[in-house]
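Residue numbering for the sequence shown follows full-length UniProt numbering, starting at 1 and increasing by one per position.
The beta-carbon is built from N, C-alpha and C at its ideal position, and this holds for glycine as well.
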Amino acid sequence: MAFKIYKGDDVVTEGESPLNITGLNPNTDVAAGEYQVVRAEDDNESDRVDIPAFKTLPIDVTGVSLSPKTSNAESGASGNRQLNATVSPSNATNKSVSYAISPDADGLSVSGSGNITWTENTPSGTYTTTVTTDDGDYTDTHVLTLTEPEPEPEPDPEEPPEEGE
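Here it is as structure tokens:
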């Protein structure tokens, strides 16, 4: 038995059950009666029946990627690195992410937008920032390495005078 689904006077889909209405925005409430269904046989159609209210499905997150993956800087001076999280797919319904950095260190933090900051008091070491999606708990990481500053070169001592001078 064939069916037709109408939106107003337009047929949006027809065929055997089950039918899918395509082209709707994800995670959207659709009001009762916005679509109607009829049974269709030959050129005859039954009376239209309102389709009950429904909500379209969200588009789930399938992953997250963080860039850059690594950064290097010298300790002893304040600084920052901005990280960028890309949630997949690009049309996912909930692209919210959170950031955490470890291990804890004096003067080291990461903001909710992925900006890592450190102060001159942050010790040298390796610090891992993890981004986590709210939808699906997908993760990726960035490694920040703070190294000891290069020591200033010692000035050359004056060369001793050669003998006989």
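So, do the segment 78–88 and the segment 104–123 have three or more beta carbon pairs nearer to each other than 8 Å? yes
Per the contact definition of three or more C-beta pairs closer than 8 Å, is the segment 67–75 in contact with the segment 141–159? yes
Can you tell me whether Ala92 is buried or exposed? The criterion is at least 16 other CB atoms within 10 Å of its CB, across all chains shown. The sequence position of residue 92 within the sequence shown is 92, counting from 1. Buried is the call here.
Exposed unless 16 or more other CB atoms sit within 10 angstroms - verdict on Leu57: In the sequence shown, the residue the question calls residue 57 occupies position 57. The residue in question, Leu57, is exposed, as its Cβ has fewer than 16 Cβ neighbours within 10 Å.
Counted within 10 angstroms of its Cβ, other Cβ atoms place Thr133 as buried (16 or more) or exposed: By 1-based counting over the sequence shown, the position of residue 133 is 133. Buried: at least 16 other Cβ atoms inside 10 Å.
Coarse secondary structure for Glu108, derived from DSSP in three states: Taking the first residue of the sequence shown as 1, we reach residue 108 at position 108. Here the sequence assigns Leu to residue 108, which means Glu is not the residue at that position. Correct three-state label for Leu108: coil.
Taking only three categories from DSSP, how would you classify Asp9? In the sequence shown, residue 9 corresponds to position 9, counting from 1. Of the three classes helix, strand and coil, the one that applies to Asp9 here is coil, per DSSP.
Whole-angstrom distance between Pro18 and Asn94, CA atom to CA atom: As a first step, residue 94 must be located in the sequence shown, where it is residue number 94. As a first step, residue 18 must be located in the sequence shown, where it is residue number 18. If I take the Cα positions, the gap works out to 28 Å.
By DSSP's criteria, Ser46 is part of a beta bridge. Which residues make up the other side? Translated into the one-based positions of the sequence shown, residue 46 becomes position 46. DSSP lists no partner for Ser46.
Apart from the five residues on each side of it in sequence, which residues of its chain come closer than 6 Å, Cβ to Cβ, to Asp29? Here residue 29 is taken as the residue at index 29 of the sequence shown, counted from 1. Result list for Asp29: Lys55, in chain order.
Which residues in the same chain have their Cβ closer than 7 Å to the Cβ of Lys7, if we skip the five residues on either side of it in sequence? Indexing the sequence shown from 1 puts residue 7 at position 7. These residues qualify, in order along the chain: Glu34, Tyr35.
With distances taken from CA atoms, which of Asn20, Gly114, Arg48, Glu41 is nearest Gln82? Residue 82 sits at position 82 when you count from the first residue of the sequence shown. Nearest of Asn20, Gly114, Arg48, Glu41 to Gln82, Cα basis: Gly114.
Which residues bound the beta strand (DSSP E) around Ile116? As a position in the sequence shown, residue 116 is number 116, starting the count at 1. From DSSP, the beta strand (DSSP E) with Ile116 extends over 115–118.
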